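Visitor: Dropping a structure here in structure tokens format, bear with me for questions.
2 protein chains.
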Amino acid sequence: MISVADLQRRIDAGELSPDNAIAQSLEAITAQDKAIGAFVCCTENVRAANAGPLRGIAVGIKDVMDTAEFPTEMGSPIYRGYRPRADAAVVMMLKQAGASIIGKTTTTAFASMDPTPTLNPHNKGHTPGGSSSGSAAAVAAGMIPLALGTQTGGSVIRPASFCGVAAIKPSYRLLPTVGVKCYSWTLDTVGLFAAGIDDVARGLSAMTGRPELLLPHTIPTPRIGFVLQDFAGAPETSGQAALRIATRAVEKAGAYVRALNLPQIFADAWAAQPIVQEFEAHRALAWEYREHYAEMAPLLRAKLDGSRDTTPAAYDAAIGIANRARQALEKVFDDGDVLLTLSAPGVAPKGLGSTGDARYNRLWTLMGVPCVNVPALVAEVNLPVGVQVIARYGADAQALAAARFVEGALARR
Amino acid sequence: MISVADLQRRIDAGELSPDNAIAQSLEAITAQDKAIGAFVCCTENVRAANAGPLRGIAVGIKDVMDTAEFPTEMGSPIYRGYRPRADAAVVMMLKQAGASIIGKTTTTAFASMDPTPTLNPHNKGHTPGGSSSGSAAAVAAGMIPLALGTQTGGSVIRPASFCGVAAIKPSYRLLPTVGVKCYSWTLDTVGLFAAGIDDVARGLSAMTGRPELLLPHTIPTPRIGFVLQDFAGAPETSGQAALRIATRAVEKAGAYVRALNLPQIFADAWAAQPIVQEFEAHRALAWEYREHYAEMAPLLRAKLDGSRDTTPAAYDAAIGIANRARQALEKVFDDGDVLLTLSAPGVAPKGLGSTGDARYNRLWTLMGVPCVNVPALVAEVNLPVGVQVIARYGADAQALAAARFVEGALARR
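Which chain is which? The protein sequence lines are B and R, in order. Note that the numbering used here numbers the first sequence so that position 124 is 124, with each residue one more than the last. Note that the numbering used here numbers the second sequence so that position 157 is 1157, with each residue one more than the last.
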């Protein structure tokens, strides 16, 4: 993989020109993307900026985010050839930090569940996960150092786990969703994929102009709450192994790990998340569902068909549960700086029939808290599995620092 | 003015066909809009639906809201001829309730402060207010029974006050902003204009599928907290008179009115609102500001120029103040079901140099609570002034019922 930190170091030292850094990514895409299918489109006419912390960094943008210079097709024939007038806010944040937008990455239709043709770079017989399929795969394959995705259920953390890359779903609204196709306004969150935690932190810090998001020179030893999410069902062997290995590694590295039982309100919130998600999707995608029903992707359409009778009262109740769970979560963090849990049930499912299951992600998306995927294990058949580090709402810097601690502990085990 | 309730009654009774109801609005637009300038564009090719509570209701849509069938120009040459692919969520909600979209109404550029050419129908020497200038004026002139606007500072309640129409800025997110040009994601709220409170309630109830928003048969007598907003400066004579007249009328009608002093946190939140608004606008409008600086409307551009150095830390502090004020507001409502305060400093300013001042609105937009304008007084030179009824977050039905109480009390005085 291409490391943002490494590129920045070489560019700062004058060993690599920003234009050559971009050219390397273009070459890697040309060489590899035919076999992976991570990009919907990309450009050869891209120049590096000569200033900004992300100069020389080629970024892939999930194709649900508006770009004035590329079509934005939402993974759906309904948007074939669609050219937005403006760039999404996060695209402009990247450009203002000096990054170069190199292309658009594949997305499931409207960031839902219908798989893209993208293959998992680690094992082409498996899905890269979704909905941010192309962004995770492009970083994992070493084509680009940084990519943007979105998460409504588990669309950043899950593909990152399946593809063995670092990723953050930041606190809700740390990154604006202006110009990002909406699925659920309560849940949609823009996230970042990169090689390692330091790389993710550099990307997020540069985009937001928040130096406090950079990793500290000395990573503090976190107090860790270990969480199983029983309400979401049992993990697979590989997911369980990743969590066990990560837990042992951080304990060996000196962290205090305490198992936490989440109160019932979190099981309720976990069950409420799909109600919020689909009720809002019916409004956010009303034009597509009503005017282009025949062209809707089948899994998404079936999900909308199955949820069309959700009442405003059921939605209000689900929002009420979410609010109570958010308050209760503040107390959970009294027992740990961060939580450590599964990123996904296990390795990427075989074939391209499914992008996998978001069941260990959706509670945290509803909570709006920062979640970081740390690659933890490469299982049989060469497939990675990650673990998830979660901090309080707004404590993105703490989530990243603790994730770096986990990453370091795993590297030393 | 054309009343939604009256049209519904006549359509239900078979006295008026939905198509004829729409035709009446088209005729009124043809007859009057040359002199008012409320519409950016409108269509003659519109048919009424034959079902739905809003069948036969012609609606004007503020031109910051995406419409697949009309250009969406944001009040700015940067979007000249722009055709969105999809309808905004609120446009689809109207259509699904049977309404007919008759045209797009004028907006200040990106719903900020630069005046449109729209005139106040009550006195053409005065502004109709903004930023939802065309929507307020079109309803006030009796061209259409219902219109949508947006409020980030005071862009629904203020023009409603200046134009003498009823309007609601509902609780934050009761109506989705999907497909509405973003200025500030924390503040932007879609609102409705109509002839009277019952008409507004019927529109909002039909759009959201929430029958509880319809007015009850018997309007309960509210406990009213009277609020001056001293931190926002003193009102003009006409604003003061409107509030005094409304207060006397509701007392005479049997309501208990108690003067409330808002604690300091609300003055702080009032001062924090512009920080939130402009910080987010810099991100929401980054493409326009960076790529089309020369074409930006001058007042908006100057506002963005003046706020470009706002730090993330200042923004975070402003958001923190807003959160504390929202909690404190819950306690304020222990002393009254609703608050009664100014909708605007006074009558619409003379000329078209300014759309007026949002200083009595912006705190409530930041609080996310439902606000209703009730026309209260027609001052000298034939200009109306309204008063503002405010309820708890989520208590939109209570806000509407109390506003109806105020409206009834004013009619009987």
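Where is the CB? At the ideal position from N, CA and C, for every residue including glycine. All of these numbers come straight from a predicted model, not from anything done at the bench.
Can you find a CB in chain B that lies within less than 8 Å of the CB of ALA1284(R)?
Guide: So, interface residue.
Visitor: Under the three-state reduction of DSSP, which class applies to PRO71(B): helix, strand or coil?
Guide: The answer is coil: DSSP assigns PRO71(B) none of H, G, I, E or B.
Visitor: I need the boundaries of the beta strand (DSSP E) containing CYS1042(R), first residue and last residue.
Guide: 1039-1042 is the span of the beta strand (DSSP E), which, as asked, contains CYS1042(R).
Visitor: From what residue to what residue does the beta strand (DSSP E) around CYS371(B) run?
Guide: From DSSP, the beta strand (DSSP E) with CYS371(B) extends over 371-379.
Visitor: Could you tell me which of THR1341(R), ILE1219(R) and GLY1154(R) sits nearest to ARG1244(R), measuring between CA atoms?
Guide: Answer by Cα proximity: THR1341(R).
Visitor: Residues of chain B with CB closer than 8 Å to the CB of VAL1178(R), please, in chain order.
Guide: Those are CYS182, TRP185, ARG283 and ALA284, listed as they occur along chain B.
Visitor: I'd like the span of the beta strand (DSSP E) that includes LEU340(B), first residue to last.
Guide: Run containing LEU340(B): 338-342, per the beta strand (DSSP E) assignment.
Visitor: What are the residues in the segment 184-214 of chain B lying within 7 Å of chain R by C-beta distance?
Guide: If the cut-off is 7 Å between Cβ atoms, the segment 184-214 of chain B has TRP185, THR208, GLY209 and ARG210 near chain R.
Visitor: Quick one: residues in its chain with C-beta nearer than 6 Å to the C-beta of GLN1151(R), no 5 flanking neighbours on either side, listed in chain order?
Guide: Within the same chain, GLN1151(R) has close Cβ partners LYS1169, THR1189, GLY1191 and THR1365.
Visitor: Kindly say whether ALA1068(R), judged by its beta-carbon, lies nearer than 8 Å to any beta-carbon of chain B.
Guide: True, the Cβ-Cβ gap to chain B drops below 8 Å.
Visitor: Between the C-alpha atoms of TYR183(B) and VAL200(B), what's the straight-line distance to the nearest angstrom?
Guide: In a straight line, the C-alpha of TYR183(B) is about 24 Å away from that of VAL200(B).
Visitor: Compare the beta carbon distance of ASP1396(R) and LEU1174(R) with 8 Å and say whether it is the shorter of the two.
Guide: Yes, the pair counts as a contact, with Cβ atoms nearer than the cut-off.
Visitor: Decide if the segment 6-13 of chain B is in contact with the segment 43-59 of chain B; the criterion is three or more beta carbon pairs, one per stretch, under 8 Å apart.
Guide: Segments in contact, yes.
Visitor: Looking at chain B, which residues of the segment 1058-1083 of chain R have a Cβ within less than 8 Å of any of its Cβ atoms?
Guide: The segment 1058-1083 of chain R vs chain B, Cβ under 8 Å: ALA1068, ILE1078, TYR1079 and TYR1082.
Visitor: Kindly indicate the opening and closing residues of the beta strand (DSSP E) around LEU1383(R).
Guide: Per DSSP, LEU1383(R) belongs to the beta strand (DSSP E) from 1383-1391.
Visitor: Is any beta-carbon of chain B found at less than 8 Å from that of ARG1173(R)?
Guide: It does: the Cβ of ARG1173(R) has a partner Cβ on chain B nearer than 8 Å.
Visitor: Please specify which runs of the beta strand (DSSP E), each continuous and at least 3 residues long, are wholly inside the segment 1116-1156 of chain R, giving them in chain order.
Guide: DSSP runs (the beta strand (DSSP E)) wholly in the segment 1116-1156 of chain R: 1146-1151.
Visitor: At what residues does the alpha helix (DSSP H) containing VAL1332(R) begin and finish?
Guide: Note, VAL1332(R): alpha helix (DSSP H), 1312-1332.
Visitor: In the structure shown, what three-state DSSP assignment does LYS1034(R) receive?
Guide: The answer is helix: DSSP assigns LYS1034(R) an H, G or I state.
Visitor: Ends of the alpha helix (DSSP H) at ALA58(B)?
Guide: From DSSP, ALA58(B) is part of no alpha helix (DSSP H) but of the beta strand (DSSP E) over 58-62.
Visitor: In chain order, what residues of the same chain lie with their CB nearer than 6 Å to the CB of ALA297(B), ignoring the 5 residues before and after it?
Guide: Excluding residues within five positions, the ones whose Cβ falls inside 6 Å are ALA109 and ASP114.
Visitor: Starting from SER205(B), follow the alpha helix (DSSP H) in both directions and report where the run begins and ends.
Guide: Run containing SER205(B): 197-208, per the alpha helix (DSSP H) assignment.
Visitor: Have a look at PRO375(B), SER354(B) and THR43(B) and flag the residue whose alpha-carbon is nearest the alpha-carbon of PRO71(B).
Guide: Answer by Cα proximity: THR43(B).
Visitor: How is the alpha helix (DSSP H) around TYR1289(R) delimited, first residue to last?
Guide: Start and end: 1286-1291.
Visitor: Does the Cβ-Cβ distance between PRO1222(R) and ASP1337(R) come in under 8 Å?
Guide: For PRO1222(R) and ASP1337(R), yes; Cβs fall inside 8 Å.
Visitor: Just to confirm, are PRO263(B) and ALA328(B) a CB contact at a threshold of 8 Å?
Guide: Taking 8 Å as the Cβ cut-off, PRO263(B) and ALA328(B) qualify as a contacting pair.
Visitor: Where SER1205(R) and ALA140(B) are concerned, what is the direct C-alpha to C-alpha distance, given to the nearest angstrom?
Guide: In a straight line, the C-alpha of SER1205(R) is about 49 Å away from that of ALA140(B).
Visitor: Can you tell me where the beta strand (DSSP E) holding ARG258(B) begins and where it ends?
Guide: Where ARG258(B) is concerned, the enclosing beta strand (DSSP E) stretches over 256-259.
Visitor: Does the CB of ARG1047(R) have a neighbour CB from chain B at under 8 Å?
Guide: No, ARG1047(R) lies away from the interface with chain B (no Cβ there is under 8 Å from its Cβ).
Visitor: What is the DSSP secondary structure of VAL1406(R), counted as helix, strand or coil?
Guide: Reduced to three states, the DSSP call for VAL1406(R) is helix.
Visitor: Would you tell me roughly how many angstroms separate the C-alpha atoms of GLY203(B) and GLY254(B), rounded to the nearest one?
Guide: Rounded to whole angstroms, GLY203(B) to GLY254(B) spans 28 Å at the Cα level.
Visitor: Could you tell me which chain R residues have their CB closer than 8 Å to the CB of PRO312(B), listed as they occur along the chain?
Guide: Neighbours of PRO312(B) on chain R, chain order: THR1208, GLY1209 and ARG1210.
Visitor: Could you confirm whether any beta carbon from chain R is found closer than 8 Å to the beta carbon of ALA89(B)?
Guide: Yes, ALA89(B) counts as interfacial toward chain R.
Visitor: Does any residue of chain B have a CB that is nearer than 8 Å to the CB of ALA1086(R)?
Guide: True, the Cβ-Cβ gap to chain B drops below 8 Å.
Visitor: Please go through the same chain and pick out, in chain order, the residues whose beta-carbon is closer than 8 Å to the beta-carbon of PRO1084(R), but skip the five residues on each side of it.
Guide: These residues qualify, in order along the chain: ASP1066, THR1067, ALA1068, THR1072 and GLY1179.
Visitor: Would you report the Cα separation of GLY14(B) and MET1(B), rounded to the nearest angstrom?
Guide: Distance between the alpha carbons of GLY14(B) and MET1(B): 21 Å.
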